[in-house]
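Colleague: Numbering (UniProt numbering), first residue to last: 1 to 802.
C-beta: ideal position from N, C-alpha, C; glycine also.
Quick caveat, the model's predicted, so the values are computed rather than measured.
First the structure, then my questions, so here it is.
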């Protein structure tokens, strides 16, 4: 049977963990909350994330990709203490299925290293142990060895390599300032600790091996990256039989921080290797999270190292051909003048991951905001140019709203950002991207709704609501790249910025590139990064904004604050004509469980506030004709209010059902006006109830049972004369699409979105995309509709529903 829905777009931010991503040809896998996101940065259609693999029950910390039997496999480790293996299940690189779940660790799995030619992999966890596993084709991996790290530390980085002699070397480091070297001889089955490398003065975050040359006499280089802001290189060299180092090294003693270059001896009895300190790479200004060798080299080509740091930069290191000294040949990322750590927009919070493309022609990095940046090497000019990346929320997505004409989607999240998504149009190609970050806040954002096409309102934990208008700069960008009509009013400011330690976006003016302004930096605060003026070319490009632009130049000016509530804002709804806004906050008593009404022209509160609930109001919805306001709450009741006069902003209680559900109600929605005044409520009692307003009263038409508590509900915005459609989502992530009879709302058909496409956690919000021109512009059912879904795993999904 055909799926009722297909995923048109996925957005999800990456986990900030140095081991949480790996890149193979055509496949980049990274941890996103408790999912594994699949992305192909080399895709010229910019399709973005193509799949989210669900299985882990907590955050994914470590990912490695390896090739077995001409197909890719993914090994992942998470904070749920498990290791999972995913095998390709089809021709598509996004089609993976979990085949193995290993539960031997007793702590969060933080690092994984794989050596495919030896058919082994190693896992390290916060239980202070290393586990070595044998990889056997089409069989469960077997535990070959378990090592308790002494002196005790938590492993954060591991690396494996095979020496020319056949010995396998395992390097381990973490919450200590030394590196332990384990070796398994070619005639042995177990690893033994043979050396401890000292010199770092902070925790180590990354280890990586590279072979210097490709003949049998090649040396091996080990790169170690630390929180002491330095990278150290170590050389493994085969020992001359005539040279015997009789010095013994205390491998379990206290770490030595001197610069002594004493050789450490490792290997089998018949093939000894010495480890010597090779180089100290200095240049980063903050913790270094990853150091990765480029894998694509020809014989005689020197190894090249990529490092990612909390100083918001990527550095590419190589040995100078003339002097042999290691130097930074390229530095990518932010320049020092933009780093202001005191502003929301002044710093990305560092780069947590840096990865090479397999042919070393491209690099990617992941920052604190969950966004991936990408740079590509232009071989003709030998310059690195930034390319379009992907972005997404890094915490639970709490709210969604489409613009009134359906042209764009705005989401808001506990990661304290609001993001605008739109389709990039170019020739015959379409792809979704983040085009603006209107609000970067200091509180978790809980709810959002569109007032007009160019205005939205959001509520947060700060007890007030803020209203934002689209600036001219964003309007021009969306017009140029998304084919939208210019609609911003002439009196709107050009752009916006956020001041130091502030929460309110302030309007700024656009200046010509050649103009210089004495007040470009506020109050002489060079560290703040707050620009009073934005240069005209800041958003003048022919592609979606890069992360640098999103964080600095795409804010929306705030025009109003709405006060009155005493606790965190829980829900907000705007009338369909954009004239009225209703809000509510968290409450444990009837005094605070009030609904406040604001008119949306002068933003004055219409008093008195509406009282009907005794606990938190969880949902508000205006009827399509704006004559009714529906509210639902944790007190298990729904309430209906009616306008005092057709054009009046004042609402009066009409009716309520104190026992509308047997447990708290979590969602409500109105059906299209063409089928009458029908609304739905749903909640923890696992029932969706359909109600009709008639003759001043309300009757229950239909009850739809669910297998789990229902957390979000939404009627499709259009209907025909025979049926209308309802979507609802449950606590475990399942989404049902129900067709109802237009006469009495009995169920005609029920379908569920496929398990591979749905979220596997709580769905917080879902919204159908309005037809162009408004929700009720058409009463015909077309081939497919778009349904946006936001969930606790930080993901946004847009489905095409047939």
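(1) Would you identify the three-state DSSP class for residue 155, choosing helix, strand or coil?
(2) Decide if the region 568-587 is in contact with the region 503-512; the criterion is three or more beta carbon pairs, one per stretch, under 8 Å apart.
(3) Do residue 719 and residue 669 have their CB atoms nearer than 8 Å?
(4) Shortest alpha-carbon distance to residue 388 belongs to which of 732, 665, 47 and 766?
(5) Would you mind listing the alpha helix (DSSP H) stretches within the region 28-100 that are 4+ residues and don't spill past its ends, in chain order?
(6) Answer with buried or exposed for residue 703, where buried requires no fewer than 16 other C-beta atoms within 10 angstroms of its C-beta.
(7) Could you tell me which of 164, 71 and 78 sits nearest to residue 55, measuring between CA atoms?
(8) Do three or more CB pairs link the region 761-772 to the region 731-743 at distances below 8 Å?
(9) What do you reckon, are the CB atoms on residue 555 and residue 626 nearer than 8 Å?
(10) Say whether the region 155-171 touches the region 106-122, bearing in mind that this needs 3 or more beta-carbon pairs closer than 8 Å, one atom from each stretch.
(11) Note the first and the last residue of the continuous alpha helix (DSSP H) segment covering residue 476.
(12) Determine the contact status of residue 284 and residue 307, defining contact as a CB-CB distance below 8 Å.
(13) Only counting runs of 3 or more residues, tell me where the beta strand (DSSP E) segments fall wholly within the region 176-239, in order along the chain.
(14) Below 7 Å, is the gap between the Cβ of residue 792 and the nearest heavy atom of the ligand SAM?
(15) If you count every other CB in all the chains shown that lies within 10 Å of the CB of residue 199, and 16 or more means buried, which is it?
(16) Going by DSSP in three states, residue 639 sits in which element: helix, strand or coil?
(17) Can you give the Cα-Cα distance for residue 10 and residue 49, rounded to whole angstroms?
(18) One question on the structure: do residue 717 and residue 740 come within less than 8 Å of each other, judged by their Cβ atoms?
(19) Which partner residues of residue 662 appear in the DSSP bridge assignment?
(20) Starting from the C-beta of residue 374, find all residues in its chain whose C-beta is less than 6 Å away, skip the five residues before and the five after it, and write them out in chain order.
(21) Return the CA-CA distance between residue 778 and residue 565, expressed in angstroms with no decimal places.
(22) Using three-state DSSP, classify residue 540 as helix, strand or coil.
(23) Would you mind reading off the limits of the beta strand (DSSP E) that contains residue 552?
(24) Going along the chain, which residues of its own chain have a beta-carbon closer than 7 Å to the beta-carbon of residue 800, five neighbours each way excluded?
(25) Might you give, ordered along the chain, the residues of its own chain that have their beta carbon closer than 6 Å to the beta carbon of residue 328, omitting 5 neighbours on each side?
(26) Compute the Euclidean distance between the alpha carbons of residue 781 and residue 503, then round it to the nearest angstrom.
(27) For my contact list, residue 593 and residue 572 are in at a C-beta cut-off of 8 Å; report their separation, rounded to the angstrom.
(28) Given residue 546, which residues of its chain have a CB within under 6 Å of its CB, disregarding the five upstream and five downstream residues?
(29) Ordered along the chain, which non-local residues of its own chain (more than five positions away) have a Cβ less than 6 Å from that of residue 473?
(30) Can you check which of these residues, 57, 22 and 108, is closest to residue 73 by C-alpha distance?
(31) Inspect the CB distances between the region 408-422 and the region 580-591 and report whether three or more fall short of 8 Å.
(32) Helix, strand or coil, according to DSSP, for residue 761 in the structure here?
(33) So the beta strand (DSSP E) residue 428 belongs to, where does it begin and stop?
(34) Give every residue of the same chain whose Cβ lies closer than 7 Å to the Cβ of residue 135, excluding the five residues on either side of it in the sequence, and list them in chain order.
(35) Using alpha carbons as the reference points, say which of 223, 219, 231 and 382 lies closest to residue 238.
(36) I want to know whether the region 679-695 touches the region 651-671 - three or more CB-CB distances under 8 Å.
Modeller: According to the structure data:
(1) Residue mapping note: residue 155 aligns to position 155 of the chain shown, counting from 1. Residue 155: strand per DSSP, three-state reduction.
(2) no
(3) In the chain shown, counting from the first residue as 1, residue 719 sits at position 719. In the chain shown, counting from the first residue as 1, residue 669 sits at position 669. Cβ distance not < 8 Å, so residue 719 and residue 669 don't count as in contact.
(4) Taking the first residue of the chain shown as position 1, residue 388 is located at position 388. Looking at the Cα atoms, 47 is the closest of the given residues.
(5) none
(6) Taking the first residue of the chain shown as 1, we reach residue 703 at position 703. So residue 703 ends up on the exposed side.
(7) On the chain shown, residue 55 is found 55 positions in, with the first residue counted as 1. Here the closest residue by C-alpha is 78.
(8) yes
(9) Along the chain shown, read from residue 1 onward, the residue named residue 555 stands at position 555. Along the chain shown, read from residue 1 onward, the residue named residue 626 stands at position 626. No.
(10) yes
(11) For the purposes of this step, residue 476 is identified with residue 476 of the chain shown, where counting begins at 1. 472-482 is the extent of the alpha helix (DSSP H) around residue 476.
(12) Within the chain shown, the letter at position 284 stands for residue 284. Within the chain shown, the letter at position 307 stands for residue 307. Against a cut-off of 8 Å, the Cβ pair of residue 307 and residue 284 comes out as a contact.
(13) 178-184, 192-198, 204-211, 220-226 and 231-238
(14) Ligands in the displayed structure: none, and consequently the ligand SAM is not present.
(15) Walking along the chain shown from the start, residue 199 turns up at place 199. Classification of residue 199: buried, given that the 10 Å Cβ count is 16 or more.
(16) As a working note, residue 639 is residue 639 in the chain shown. Here residue 639 sits in strand by DSSP.
(17) The residue given as residue 10 occupies position 10 in the chain shown. The residue given as residue 49 occupies position 49 in the chain shown. For residue 10 and residue 49, the distance between alpha carbons rounds to 6 Å.
(18) As a working mapping, residue 717 is identified with position 717 in the chain shown. As a working mapping, residue 740 is identified with position 740 in the chain shown. Not closer than 8 Å, so no.
(19) The residue given as residue 662 occupies position 662 in the chain shown. Answer is none; residue 662 lacks a bridge partner.
(20) As a working mapping, residue 374 is identified with position 374 in the chain shown. Hits under 6 Å: 41, 364, 387 and 389.
(21) Position 778 of the chain shown, counting from 1, holds the residue named residue 778. Position 565 of the chain shown, counting from 1, holds the residue named residue 565. Its pLDDT being 39, under 50, residue 778 is placed unreliably by the model, and the measurement read from it follows with that caveat. Residue 778 and residue 565: Cα-Cα distance of roughly 38 Å.
(22) The sequence position of residue 540 within the chain shown is 540, counting from 1. Residue state, collapsed to three classes: coil.
(23) Counting from one through the chain shown, the residue named residue 552 turns up at place 552. Not the beta strand (DSSP E): residue 552 falls in the alpha helix (DSSP H), residues 547-553.
(24) What you label residue 800 is simply residue 800 of the chain shown in a count that begins at 1. Here the set comprises 5, 6, 8, 784 and 786.
(25) Locating residue 328 in the chain shown gives position 328, where the first residue counts as 1. Within the same chain, residue 328 has close Cβ partners 283, 315 and 317.
(26) Taking the first residue of the chain shown as position 1, residue 781 is located at position 781. Taking the first residue of the chain shown as position 1, residue 503 is located at position 503. Bear in mind that a pLDDT of 38 at residue 781, under 50, signals an unreliable position, so the number given afterwards is only what the model happens to contain. Rounded to whole angstroms, residue 781 to residue 503 spans 43 Å at the Cα level.
(27) As a working note, residue 593 is residue 593 in the chain shown. As a working note, residue 572 is residue 572 in the chain shown. So it is not a contact: roughly 15 Å between Cβ atoms.
(28) Numbered from 1 along the chain shown, position 546 holds the residue referred to as residue 546. 386.
(29) For this step, residue 473 is matched to residue 473 along the chain shown. Hits under 6 Å: 494, 495 and 539.
(30) Locating residue 73 in the chain shown gives position 73, counting from the first residue. Residue 73 has its Cα closest to that of 22, out of 57, 22 and 108.
(31) no
(32) As a working mapping, residue 761 is identified with position 761 in the chain shown. Coil.
(33) If you number the chain shown from 1, residue 428 lands on position 428. Per DSSP, residue 428 belongs to no beta strand (DSSP E) and is neither H nor E.
(34) The count along the chain shown starts at 1 and reaches residue 135 at position 135. The residues are 119, 120, 121 and 141.
(35) Residue numbering aside, residue 238 sits at position 238 when the chain shown is read from its first letter. The option with the nearest alpha carbon to residue 238 is 219.
(36) yes
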